[in-house]
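Per the UniProt record's numbering, the very first residue in the sequence shown carries number 1; after that it's consecutive.
We treat Cβ as the ideally placed atom computed from N, Cα and C, and that holds for glycine.
As structure tokens, the structure follows; a few thoughts come after it.
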Amino acid sequence: MVDHVTTIYQCTLPFHEYRINSRGHLPFSTSKLSHPNSKQNQKPLPSPHPTNAEAPITMVTVSVKWQKEVYPAVEIDISQPPYVFKCQLYDLTGVPPERQKIMVKGGLLKDDADWSKVGVKEGQRLMMMGTADEIVKAPEKGPIFVEDMPEEEQVVNVGHSAGLFNLGNTCYMNSTVQCLHSVPELKSALTEYNQLGKSNDLDHSSHLLTVATRDLFNDLDKNVKPVAPMQFWMVLRKKYPQFGQQSNGAFMQQDAEECWTQLLYTLSQSLKLPSSSEGPDVVKALFGIEFDNRIHCAESGEESTETETVYSLKCHISQEVNHLHEGLKRGLKSELEKASPSLGRSAVYVKDSRINGLPRYLTIQFVRFFWKRESNQKAKILRKVDYPLSLDVYDLCSDNLRKKLEGPRQVLRDAEGKKAGLKTSVKTSGSTAGDSKMTEAEESSSGSGEASKSTAQEGLLPEEEHQLTGIYDLVAVLTHKGRSADSGHYVAWVKQENGKWVQFDDDNPILQREEDITKLSGGGDWHMAYICMYKARVVPM
1 MVDHVTTIYQ CTLPFHEYRI NSRGHLPFST SKLSHPNSKQ NQKPLPSPHP
51 TNAEAPITMV TVSVKWQKEV YPAVEIDISQ PPYVFKCQLY DLTGVPPERQ
101 KIMVKGGLLK DDADWSKVGV KEGQRLMMMG TADEIVKAPE KGPIFVEDMP
151 EEEQVVNVGH SAGLFNLGNT CYMNSTVQCL HSVPELKSAL TEYNQLGKSN
201 DLDHSSHLLT VATRDLFNDL DKNVKPVAPM QFWMVLRKKY PQFGQQSNGA
251 FMQQDAEECW TQLLYTLSQS LKLPSSSEGP DVVKALFGIE FDNRIHCAES
301 GEESTETETV YSLKCHISQE VNHLHEGLKR GLKSELEKAS PSLGRSAVYV
351 KDSRINGLPR YLTIQFVRFF WKRESNQKAK ILRKVDYPLS LDVYDLCSDN
401 LRKKLEGPRQ VLRDAEGKKA GLKTSVKTSG STAGDSKMTE AEESSSGSGE
451 ASKSTAQEGL LPEEEHQLTG IYDLVAVLTH KGRSADSGHY VAWVKQENGK
501 WVQFDDDNPI LQREEDITKL SGGGDWHMAY ICMYKARVVP M
């Protein structure tokens, strides 16, 4: 199934702080253009990559007359189809794109017209006809319905945030954003980024992508109607040009795992606190996995050790792998060829890895794609690999980490035993502190209660207050439907704070049953898990 552009009925294209002109500045003027009489000054930011050669003009400023109103400075990105321009006009006038009749040379402007043939010119006045959506007023008296509430309150009542419009093969990006948006600690760190400001060693494009991520997360939290991630998409393509590849004049489908990795890397750089600060490295604490590696060459007898930090575990799929845990174990042992100092030539080394540091959120990638030389594309392994709602990685850890996990795991077992009405190892006499710990552990393990709420509100908690147990609960799944990573369709399945699961199929959020989530394990052409994100089950210590 090839991804497509979703018909947009509600467009919320935010007009942000930056603009793109012929010298490479970001799109949209400093004016929000929410009213034709806006007189705000428009000053472009200096280009982070100035060039002597003039780039092709991609932005044209026109005026638009609709009824008695005139909008004097509407910018058209002629590298995008006219449908995007109509979305801008919808944001200004309230006239849905399907009702807009825009007069241009040769007739009416079509959604997929070629701007070069339309011949729109700088400063040209365009005439638009169409009727705006009727605004339904709430009754003066009577019950208050959800749709009559402010959008912030609607989000609370609906139980999930907004969907994201597909801007043309952007489901890979939408599904990545929806999964990462479900991490409250990451949202808190992005909110504080405005206060921290841009660090001196951070490049401008990374700064802009971080700001765009923060703003998009805010838009998702404040809306129940679908959001158009136009600004985020433009900045992402500027930072990572591979996501701007086109074929036959249309943007190509991309690999969601690449988008996930690149976005997380950018945030790891921009949200990194100054070296003088005693605070944690936010992204590393949330997603970083520390490995102890033992590298051994059987031929020469050489042996060395090293540590490394990665941001996902790999589930390698073969004929012997039927369950996630089996694939993870296979990923801890690998072979590599490198130069041997003692042999004076290349030799085969065996790399044995053990986890020595766990994150708050454990990301797992199913290695389903491989390069198929015959078809010159990333082919897909369709084999079914089951994964659990709760994952225990204790036996994947180093001996040192296992010892650290034993205490918290006992507290968790006692808490769950008490919750089930069983006898615990905590004595009844003089056990006030223990009972308190167990109560919080119960709330944490169930994914509800004040313990989890405070975690969401306060961001990262100090390690001495909450300890990891090595047990994780599934909170998000990114699936792929199709036969190639660069085609097909990506969807996000995210667990909400109320415990319900929502399928975010671009702009269409759909409630799902929990038992349906584990059915995304592959074995056919249906949606199958590509990335799973698990949240740590923690206990107070």
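Does the beta-carbon of residue i have 16 or more other beta-carbons within 10 angstroms, so that it is buried, or is it exposed?
i: Ala256; result: buried
i: Gln253; result: buried
i: Asp414; result: buried
i: Ala298; result: exposed
i: Met127; result: exposed
i: Ala529; result: buried
i: Trp526; result: exposed
i: Ala420; result: exposed
i: Asn400; result: exposed
i: Glu122; result: exposed
i: Trp115; result: buried
i: Ile76; result: buried
i: Ala536; result: buried
i: Arg373; result: exposed
i: Arg513; result: exposed
i: Gln80; result: buried
i: Arg522; result: Correcting the residue type first, residue 522 is Gly in the shown sequence and not Arg. Counting Cβ neighbours within 10 Å, Gly522 comes out buried, since at least 16 surround it.
i: Ser175; result: buried
i: Pro540; result: buried
i: Asp352; result: exposed
i: Gln319; result: exposed
i: Trp371; result: exposed
i: Thr131; result: exposed
i: Ala162; result: buried
i: Pro241; result: exposed
Are the CB atoms of residue j and residue i within a distance shorter than 8 Å?
i: Ala212; j: Phe232; result: yes
i: Val104; j: Val62; result: no
i: Met129; j: Lys86; result: no
i: Ala379; j: Phe366; result: no
i: Val235; j: Leu209; result: yes
i: Cys532; j: Ile381; result: no
i: Met230; j: Leu167; result: yes
i: Glu186; j: Leu263; result: The question names Glu, yet the displayed sequence has Leu at residue 186. No, the pair does not count as a contact, with Cβ atoms beyond the cut-off.
i: Leu180; j: Ile289; result: no
i: Cys315; j: Leu332; result: no
i: Val494; j: Gln178; result: yes
i: Lys110; j: Pro82; result: yes
i: Leu362; j: Leu405; result: no
i: Asp507; j: Val491; result: no
i: Val350; j: Glu335; result: yes
i: Phe165; j: Val227; result: yes
i: Arg383; j: Ile317; result: yes
Helix, strand or coil: which one does DSSP assign to residue i?
i: Lys225; result: coil
i: Gln242; result: helix
i: Asn498; result: coil
i: Tyr387; result: coil
i: Arg368; result: coil
i: His103; result: Correcting the residue identity first, residue 103 is Met in this sequence and not His. In the structure shown, Met103 sits in a strand (DSSP, three-state: E or B).
i: Glu299; result: coil
i: Arg402; result: helix
i: Met128; result: strand
i: Gln253; result: coil
i: Gln377; result: strand
i: Ser63; result: strand
i: Gln42; result: For Gln42, the predicted structure reports a pLDDT of 45, less than 50, and the residue's modelled location is therefore unreliable. A value from the coordinates is still provided. Note: Gln42 maps to coil in three-state DSSP.
i: Asp281; result: coil
i: Thr210; result: helix
i: Ala339; result: strand
i: Thr58; result: coil
i: Glu122; result: coil
i: Val310; result: strand
i: Gly434; result: Only weak support is given to the placement of Gly434: the predicted model assigns it a pLDDT of 44, under 50, and the question is left unresolved by the model.
Residue range of the alpha helix (DSSP H) that residue i falls in?
i: Arg383; result: From DSSP, Arg383 is part of no alpha helix (DSSP H); its letter is neither H nor E.
i: Ser270; result: Ala256 to Ser270
i: Gly331; result: Leu324 to Gly331
i: Pro82; result: Pro82 to Thr93
i: Tyr172; result: Cys171 to His181
Counting along the chain, where does the beta strand (DSSP E) carrying residue i start and finish?
i: His316; result: Leu313 to His316
i: His296; result: Ile289 to His296
i: Ser346; result: Arg345 to Gly357
i: Ser116; result: Unbroken run through Ser116 is the alpha helix (DSSP H), Trp115 to Val118; no beta strand (DSSP E).
i: Ala73; result: Glu69 to Asp77
*In chain order, which continuous runs of the beta strand (DSSP E) of length 3 or greater are located wholly inside the segment 464-538?*
466-481, 489-495, 501-505 and 508-512
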